[in-house]
Structures are given as C-alpha cells and as structure tokens.
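Chemist: Under the working numbering, the first residue of the sequence shown is numbered 76, with each subsequent residue one higher.
In this text, a Cβ means the ideal position worked out from N, Cα and C, and glycines have one as well.
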Amino acid sequence: MEEQKPKSIRTIGLIVSIFSGFIIFSNGMGALAYTIIGLGENQNRQIEKSEFNLIKFLFENYISMCLIMVTIGVMFLVGGLNIRKYKMWANKLLTYLSIFLIAIIWTLMIAMSSMTAGQNDMEIFSFAAIFTALFCSTPIGLLIWFLNKQKIKKHFA
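1) Give every residue of the same chain whose Cβ lies closer than 7 Å to the Cβ of residue 161, excluding the five residues on either side of it in the sequence, and list them in chain order.
2) Since residue 198 is in the alpha helix (DSSP H), which residue starts that stretch and which ends it?
3) Pick from 194, 208, 189 and 113: whose alpha carbon is nearest that of residue 180?
4) Going by CA-CA distance only, name the one from 150, 188 and 157 that's closest to residue 171.
5) Just to check my reading of the structure: residue 193 and residue 95 have Cβ atoms closer than 8 Å, yes? What is that Cβ distance to the nearest angstrom?
6) Check residue 175 in the structure and name its three-state DSSP category.
7) Compute the distance between the beta-carbons of residue 93 and residue 148, then report whether it is under 8 Å.
8) What three-state label does DSSP hand residue 128 in the structure shown?
9) Return the CA-CA distance between residue 198 and residue 188, expressed in angstroms with no decimal places.
10) When we look at the beta-carbon of residue 88 and count the other beta-carbons within 10 Å, is it buried (16 or more) or exposed?
11) Under three-state DSSP, which class holds residue 110?
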C-alpha cells in the first residue's frame with residue numbers, strides 16, 4: 076500500500092506560485108513604468124570608488140534589478156508548480172533561491188540601515204529596515220524549514 080502524500084506540500088506549491096506571480100507582475104510593471112516615465116535618462120553614471128553607495132547604485136541600475144527579480148520570480152513559479160508534483164529538484168531549487176533571496180533582503184536592509192546610522196532623527200528608519208528584513212525573511216525561512224523537514228522531504232522523488 077502506497078503512503079499518501081500530504082496535501083500541505085501541494086498547498087505550499089500553490090502559495091509559492093501565487094507569490095511568485097506577484098513578484099513577476101510588480102517588478103515587471105515597475106521596470107515598464109520606470110522606462111515609460113524615463114526616470115533613468117538623465118542620471119550621471121559615474122560613481123567614484125571612494126564614495127560607493129549601494130542604494131544609489133541600485134537606483135541607477137533599476138531596470139536591471141527589476142529584471143533580476145522577474146527572473147527570480149519566474150524560477151520561483153517553476154519551482155512552485157513542480158513542488159506540487161513532488162519533484163526533488165524543485166525542492167532544492169526553492170531552497171537555494173530562498174537562501175539567495177534572504178541574503179538579498181538582509182544585504183539591502185543592512186545597507187539602508189547603515190546609511191542612516193549616526194544621523195539625527197533617523198534611528199527609527201534603521202529599526203524599520205531591520206524589522207522589514209525580519210518580516211520579509213521569516214516566511215521565506217519557514218519555507219526552507221518546511222521543505223527540508225525529513226517528514227516532508229521523503230515524499231519527493
């Protein structure tokens with residue numbers, strides 16, 4: 076008698092697919108709006124090495140950042156759809172992408188927090204950036220934990 080596979084795996088796959096659709100749509104529309112409005116046309120692209128600023132760099136490369144996020148979203152969509160089919164490669168894909176996404180979130184939030192360090196009346200922004208990183212990375216961390224539990228992992232082929 077074959078062991079029945081838990082429906083929670085299919086539910087997680089559906090949730091991941093839905094949220095990846097949001098990532099694809101929001102970043103695709105952001106890149107489109109940025110292009111249509113023409114915000115990046117008049118920016119000076121020269122960055123001195125001694126004054127490198129991560130946030131300024133990201134805004135200067137906004138279209139590239141959006142396209143990278145769309146690519147990540149598409150990979151999450153493929154992984155989410157195949158998690159529903161209990162594919163082990165999809166489990167690994169989502170795990171590695173999730174780790175990468177957590178690293179991106181924390182890097183950006185720490186960069187934002189460090190930019191405001193030492194400035195008057197900006198302490199709340201530093202705490203908000205760290206809180207945002209915790210808030211955004213918690214569900215992603217729970218996804219990693221769920222997909223790698225022995226009880227769940229044994230159902231993937």
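Modeler: In this structure, then:
1) 80, 84, 230, 231 and 232, listed in sequence order.
2) Element bounds for residue 198: 198 to 222.
3) The shortest Cα separation from residue 180 among 194, 208, 189 and 113 belongs to 208.
4) Ranking 150, 188 and 157 by Cα distance to residue 171 puts 150 first.
5) A Cβ-Cβ separation of about 38 Å leaves residue 193 out of contact with residue 95 under the 8 Å criterion.
6) Under the three-state reduction of DSSP output, residue 175 falls in the helix class.
7) Not closer than 8 Å, so no.
8) Coil.
9) Near 9 Å, if we compare the C-alpha coordinates of residue 188 and residue 198.
10) Counting C-beta atoms within 10 angstroms of its own C-beta, residue 88 has 16 or more neighbours from the protein chains shown and is therefore classed as buried.
11) When DSSP states are grouped into helix, strand and coil, residue 110 belongs to the helix group.
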